[in-house]
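Undergrad:
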Amino acid sequence: MVKRLFERFYVAIILLFLYAPILILIVLSFNSSKSRSKWGGFTLHWYQELFKNEEIMNALYTTLIIALLSALIATIIGTAAAIAINGMKKTPRTILMAITNIPMLNADIVTGISLMLVFIAMRFALGFVSVLIAHITFNIPYVILSVMPKLKQLNPHTFEAALDLGASPSYAFFKVILPDIFPGVISGFFLAFTMSLDDFVITHFTKAPGINTLSTKIYTEVRKGIKPEIYALSTLMFITVLLLLIFINRRSADKKPAVKRPGSNPGMADKRI
Amino acid sequence: MKDVTQVNKPAKRLNGEAGHHSLKIKKTTWLSMPYLLWMAGFIILPLILIVYYGITTEDGAATIKNLLLISDPINRRALLLALELSLISTIICLLLAYPLALILNKIKMKSNSFIVMIIILPMWMNFLLRTIAWQNILERTGVLNKLLSFLGIGPLNIINTPGAIILGMVYNFLPFMVLPIYNVLIKIDRDIINAARDLGANSMQTFIKIILPLSLPGIISGITMVFVPALTTFVISTILGGSKIVLIGNVIEQQFRLGNRNEGSGLSLVLMIFILISMAIVSKYDKESEGSSIW
Chain A
375 MVKRLFERFY VAIILLFLYA PILILIVLSF NSSKSRSKWG GFTLHWYQEL FKNEEIMNAL
435 YTTLIIALLS ALIATIIGTA AAIAINGMKK TPRTILMAIT NIPMLNADIV TGISLMLVFI
495 AMRFALGFVS VLIAHITFNI PYVILSVMPK LKQLNPHTFE AALDLGASPS YAFFKVILPD
555 IFPGVISGFF LAFTMSLDDF VITHFTKAPG INTLSTKIYT EVRKGIKPEI YALSTLMFIT
615 VLLLLIFINR RSADKKPAVK RPGSNPGMAD KRI
Chain B
20 MKDVTQVNKP AKRLNGEAGH HSLKIKKTTW LSMPYLLWMA GFIILPLILI VYYGITTEDG
80 AATIKNLLLI SDPINRRALL LALELSLIST IICLLLAYPL ALILNKIKMK SNSFIVMIII
140 LPMWMNFLLR TIAWQNILER TGVLNKLLSF LGIGPLNIIN TPGAIILGMV YNFLPFMVLP
200 IYNVLIKIDR DIINAARDLG ANSMQTFIKI ILPLSLPGII SGITMVFVPA LTTFVISTIL
260 GGSKIVLIGN VIEQQFRLGN RNEGSGLSLV LMIFILISMA IVSKYDKESE GSSIW
């Protein structure tokens, strides 16, 4: 009993640690004082100002467009690559997976700098496209690593059976393979989208002065003080994601009330594969 | 592209069983072409360039001057401090994350995606903003000191110290330690643990002999996912360390801001060597090299 109480307490403390700064930011978005360290009373002023602030709106637009495009392109390239890598012999597969791991394991600062060097060496002007290319580059590995496990679970004979029954390879792919690996593709897409949204370091090195994502916009304001509109915006974004996730969680919980925890019975899972 | 697969089709009939495997390869290999080109252009070429710039002068003459910049007292101190702080943060992350992962694994939840969600959710608030929020908590007139003075404990100087940077690192990278460990723990077969208990092992023995070794891959990927970003950060030190504390990430960022491409690349190369060494040390303890358990 005491042990269980202690465990709950421990989880609560860690969650407090993780969520305390978020609480602070939400409180600040309602603070009528412009100063970060003074409470001047409750206001919704910054939420109104936010939509009038063109710089922040532009940064938000750029952030979302880059996140969406980079996640989409990375998902297509990455899924195709995962299928190809899965069908390869051991040696080329190991080499390709090792190279795939480089952007994930390497430091962001090195990835950002080295990409910047490529753009400069190729006399490619830094800007929207260079940031997009950089984001696709670090997103592809997340997609490959999400799709790969699903491919490994595939029954290789269903695809061949479809071909033997007269399906063209592309028809068989869309009808047989894609539905099976789709959960992996989707989670790869969302992972890539999140990573792109949250990135600062790589964007910092591959962008030109004229263009800003939310992260780089915030960084330029660190020294002179963050505009309260930014707190309002990030609060809105956070609440949106929170509601979205609760909604998805509810729905999937309704659909299958008795979700078996993966690994609770691995023997069965293996047989199903 | 489509033609290639069409041509292969009769070959399948001819080769029969023997051609089965090679056929599978031929059919899908072309799908990797976009990725192969992308990798060559944006993963391999960048690394080659950073090595090239790192070992040449602005005129293109070979030199090791850029690499030796690390022996400059300021740079060396920045590297050593970064190593020290990131090592401490990694250890704290592990000590905090492992019990948490164990408890989360024990709590019966409807779906484990809910737990993963709670841990990942903070990442949807911009990480710069979350780190800035720690300024609010830690500064002299901040939330923490107000709470402490309420309890009669004098104001603590935390902001702009190495301690604040460690806290920022632990805060930002803790999810990257929790998730891999949790993902490994939920896959451990309950029957193995029950068998150990049946054979007379107490809970401590079960933990040391069964759970800990089986969760090692998760610990390993957690360590790399915390240590590398902590070692190379320049954002956390800028926001929480003030202008006096300089880490190796700050030094490199500054070199590039000043346009010193070769010097910056040289220092990045040194940093990469340290990353490679740490990974080599870590992977020595990693028996399962197929490190796919990052998420």
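In order, the protein sequence lines correspond to chains A and B.
Counting from 375, one number per residue, gives the positions in the first sequence under the numbering used here.
Counting from 20, one number per residue, gives the positions in the second sequence under the numbering used here.
Ideal Cβ positions, reconstructed from N, Cα and C, are used throughout, including at glycine.
Just so we're clear, the structure is a prediction, and the values are computed from it rather than from any experiment.
(1) Measuring straight from C-alpha to C-alpha, what distance separates B/Ala116 and B/Thr252?
(2) According to DSSP, which residues form a beta bridge with A/Asn405?
(3) Mind checking whether B/Ala97 and B/Ile200 have CB atoms under 8 angstroms apart?
(4) Can you say whether A/Ala422 is buried or exposed, counting buried as having 16 or more other CB atoms within 10 angstroms of its CB?
(5) Just verifying my parser: in three-state terms, what is the DSSP assignment at A/Ala433?
(6) Taking only the alpha-carbon atoms, compute the straight-line gap between B/Ala81 and A/Asn432 and give it to the nearest angstrom.
(7) Could one say the Cβ of B/Thr101 lies closer than 8 angstroms to chain A's Cβ atoms, at least one of them?
(8) Can you name the residues of chain A whose CB is closer than 8 angstroms to the CB of B/Thr257?
(9) Please report how far the alpha carbon of A/Tyr384 lies from the alpha carbon of A/Phe391, in whole angstroms.
(10) Is there a Cβ from chain A that is less than 8 angstroms from the Cβ of B/Ser51?
(11) Helix, strand or coil for B/Thr160, going by three-state DSSP, please let me know.
(12) Rounding to the nearest angstrom, what Cα-Cα distance links B/Asp336 and B/Ile242 in this structure?
(13) Using the beta-carbon of each residue, which ones in chain B are nearer than 7 angstroms to A/Glu381?
(14) So A/Val517 and A/Ala448 are supposed to be a Cβ contact under 8 angstroms. How far apart are they, rounded?
(15) Give a yes or no on whether 8 angstroms exceeds the smallest Cβ distance from A/Ser411 to chain B.
(16) Excluding five sequence neighbours on each side, which residues of the same chain lie with their C-beta closer than 6 angstroms to the C-beta of A/Ser407?
(17) For the candidate residues B/Leu233, B/Ile294 and B/Asn179, whose alpha-carbon lies nearest to that of B/Ser262?
(18) Going by other Cβ atoms of all chains shown within 10 Å of its Cβ, with 16 needed for buried, is A/Leu658 buried or exposed?
(19) CB-CB under 8 angstroms to B/Thr150, same chain, minus the five flanking residues each way: which ones, in chain order?
(20) Please say whether A/Phe533 and A/Val559 have beta carbons closer to each other than 8 angstroms?
(21) Given 8 angstroms as the limit, is there contact between the segment 219–227 of chain B and the segment 133–150 of chain B, that is, 3 or more CB pairs closer than that?
(22) Below 8 angstroms on C-beta distance, what does B/Met291 contact in chain A?
(23) Is the segment 280–296 of chain B in contact with the segment 72–80 of chain B, if contact means three or more CB pairs nearer than 8 angstroms?
(24) Classify A/Val376: buried if its beta carbon has 16 or more other beta carbons within 10 angstroms, exposed otherwise.
(25) Going along the chain, which residues of its own chain have a beta-carbon closer than 7 angstroms to the beta-carbon of A/Thr609, five neighbours each way excluded?
(26) Output the boundary residues of the alpha helix (DSSP H) element that contains B/Pro181.
(27) Please return the same chain residues whose Cβ sits closer than 6 angstroms to the Cβ of A/His509, not counting the five positions on each side in sequence.
(28) Check whether the segment 264–275 of chain B and the segment 203–214 of chain B touch, using three or more Cβ-Cβ pairs below 8 angstroms as the test.
(29) Considering only the alpha carbon of each residue, which of A/Asn586, A/Phe621, A/Asp572 and A/Tyr393 lies closest to A/Phe502?
(30) In terms of residue numbering, what span does the alpha helix (DSSP H) encompassing B/Asn85 cover?
(31) Counting C-beta neighbours from all protein chains within 10 Å, is the total for A/Ile471 16 or more, i.e. buried, or is it exposed?
(32) For A/Ala481, tell me which candidate among A/Met611, A/Asp573 and A/Ile450 has the shortest Cα-Cα distance.
(33) Run through chain A and tell me which residues come within less than 8 angstroms of B/Leu68, C-beta to C-beta.
(34) Exposed or buried, which one is A/His578 when buried takes at least 16 other CB atoms within 10 Å?
(35) Give a yes or no on whether the minimum CB-CB distance between A/Phe416 and chain B is below 8 angstroms.
(36) When the distance is taken between beta carbons, is A/Ile592 closer than 8 angstroms to B/Leu148?
TA: A quick look at the data gives this:
(1) The residue given as residue 116 of chain B occupies position 97 in the second sequence. The residue given as residue 252 of chain B occupies position 233 in the second sequence. If I take the Cα positions, the gap works out to 21 angstroms.
(2) Residue numbering aside, residue 405 of chain A sits at position 31 when the first sequence is read from its first letter. Answer by DSSP bridge pairing, in chain order: A/Phe416.
(3) What you label residue 97 of chain B is simply residue 78 of the second sequence in a count that begins at 1. What you label residue 200 of chain B is simply residue 181 of the second sequence in a count that begins at 1. No; because the gap between Cβ atoms is not below 8 angstroms, this pair is not in contact.
(4) The residue labelled residue 422 of chain A in the question sits at position 48 within the first sequence. It is Gln, not Ala, that sits at residue 422 of chain A in the sequence shown. Exposed, by the Cβ-count rule.
(5) Working through the first sequence from its first residue, we reach residue 433 of chain A at position 59. Helix, per DSSP.
(6) Translated into positions along the second sequence, residue 81 of chain B becomes position 62. Translated into positions along the first sequence, residue 432 of chain A becomes position 58. Taking the straight line joining both Cα atoms gives about 44 angstroms.
(7) Taking the second sequence and counting its residues from 1, one reaches residue 101 of chain B at position 82. Here residue 101 of chain B turns out to be Ala, not Thr, going by the sequence shown. No, no contact with chain A.
(8) The sequence position of residue 257 of chain B within the second sequence is 238, counting from 1. Under the 8 angstroms cutoff, chain A gives Val596.
(9) The residue labelled residue 384 of chain A in the question sits at position 10 within the first sequence. The residue labelled residue 391 of chain A in the question sits at position 17 within the first sequence. About 11 angstroms.
(10) For the purposes of this step, residue 51 of chain B is taken as residue 32 along the second sequence, with counting starting at 1. At least one chain A Cβ lies under 8 angstroms of B/Ser51.
(11) For the purposes of this step, residue 160 of chain B is taken as the residue at position 141 of the second sequence. Coil.
(12) Since the first residue shown for chain B is 20 and the last is 314, residue 336 of chain B is missing from the structure and cannot be characterised.
(13) As a working note, residue 381 of chain A is residue 7 in the first sequence. By Cβ distance, chain B contributes Ile122.
(14) By one-based count along the first sequence, residue 517 of chain A stands at place 143. By one-based count along the first sequence, residue 448 of chain A stands at place 74. With a Cβ gap of about 5 angstroms, A/Val517 and A/Ala448 count as contacting.
(15) For this step, residue 411 of chain A is matched to residue 37 along the first sequence. For A/Ser411, the answer is yes, since a Cβ of chain B falls inside 8 angstroms of its Cβ.
(16) The residue labelled residue 407 of chain A in the question sits at position 33 within the first sequence. If you ignore the 5 residues before and after A/Ser407, its C-beta comes within less than 6 angstroms of the C-beta of Gly414, all in its own chain and listed in chain order.
(17) Indexing the second sequence from 1 puts residue 262 of chain B at position 243. Measuring from the Cα of B/Ser262, the nearest candidate turns out to be B/Asn179.
(18) The requested residue 658 of chain A does not occur in the structure, where chain A is confined to residues 375 to 647.
(19) Your numbering for residue 150 of chain B matches position 131 in the second sequence. If we look at B/Thr150 and ignore the five residues flanking it on each side, its Cβ neighbours are Gly187, Tyr190, Asn191, Val254, Ile255, Ile258 and Leu259.
(20) Residue mapping note: residue 559 of chain A aligns to position 185 of the first sequence, counting from 1. Residue mapping note: residue 533 of chain A aligns to position 159 of the first sequence, counting from 1. No, the pair does not count as a contact, with Cβ atoms beyond the cut-off.
(21) no
(22) Against the second sequence, residue 291 of chain B aligns to sequence position 272. Correct list: Asn480, Ala481 and Val484.
(23) yes
(24) Within the first sequence, the letter at position 2 stands for residue 376 of chain A. Classification of A/Val376: exposed, given that the 10 Å Cβ count is below 16.
(25) Your numbering for residue 609 of chain A matches position 235 in the first sequence. So the list reads Leu399, Ile400 and Ser403, once near-sequence residues are dropped.
(26) Walking along the second sequence from the start, residue 181 of chain B turns up at place 162. Where B/Pro181 is concerned, the enclosing alpha helix (DSSP H) stretches over Pro181 to Leu204.
(27) To locate residue 509 of chain A, count along the first sequence from 1; it is residue 135. If we look at A/His509 and ignore the five residues flanking it on each side, its Cβ neighbours are Ile440, Ser444 and Ser570.
(28) With the cut-off at 8 angstroms, the segment 264–275 of chain B and the segment 203–214 of chain B do not touch.
(29) For this step, residue 502 of chain A is matched to residue 128 along the first sequence. For A/Phe502, the closest of A/Asn586, A/Phe621, A/Asp572 and A/Tyr393 by C-alpha to C-alpha distance is A/Asn586.
(30) For this step, residue 85 of chain B is matched to residue 66 along the second sequence. Element bounds for B/Asn85: Lys84 to Leu87.
(31) Along the first sequence, one-based indexing puts residue 471 of chain A at 97. The residue you asked about is not Ile; residue 471 of chain A is Met in the sequence shown. When all chains shown are included, A/Met471 counts as buried.
(32) Taking the first residue of the first sequence as position 1, residue 481 of chain A is located at position 107. When C-alpha distances from A/Ala481 are compared across A/Met611, A/Asp573 and A/Ile450, the shortest belongs to A/Asp573.
(33) Residue mapping note: residue 68 of chain B aligns to position 49 of the second sequence, counting from 1. Residues of chain A passing the Cβ test: Ser488, Leu491, Val492 and Ala495.
(34) Locating residue 578 of chain A in the first sequence gives position 204, counting from the first residue. It is buried - the Cβ of A/His578 has at least 16 other Cβ atoms within 10 Å.
(35) Translated into positions along the first sequence, residue 416 of chain A becomes position 42. No, A/Phe416 lies away from the interface with chain B (no Cβ there is under 8 angstroms from its Cβ).
(36) The sequence position of residue 148 of chain B within the second sequence is 129, counting from 1. The sequence position of residue 592 of chain A within the first sequence is 218, counting from 1. Taking 8 angstroms as the Cβ cut-off, B/Leu148 and A/Ile592 qualify as a contacting pair.
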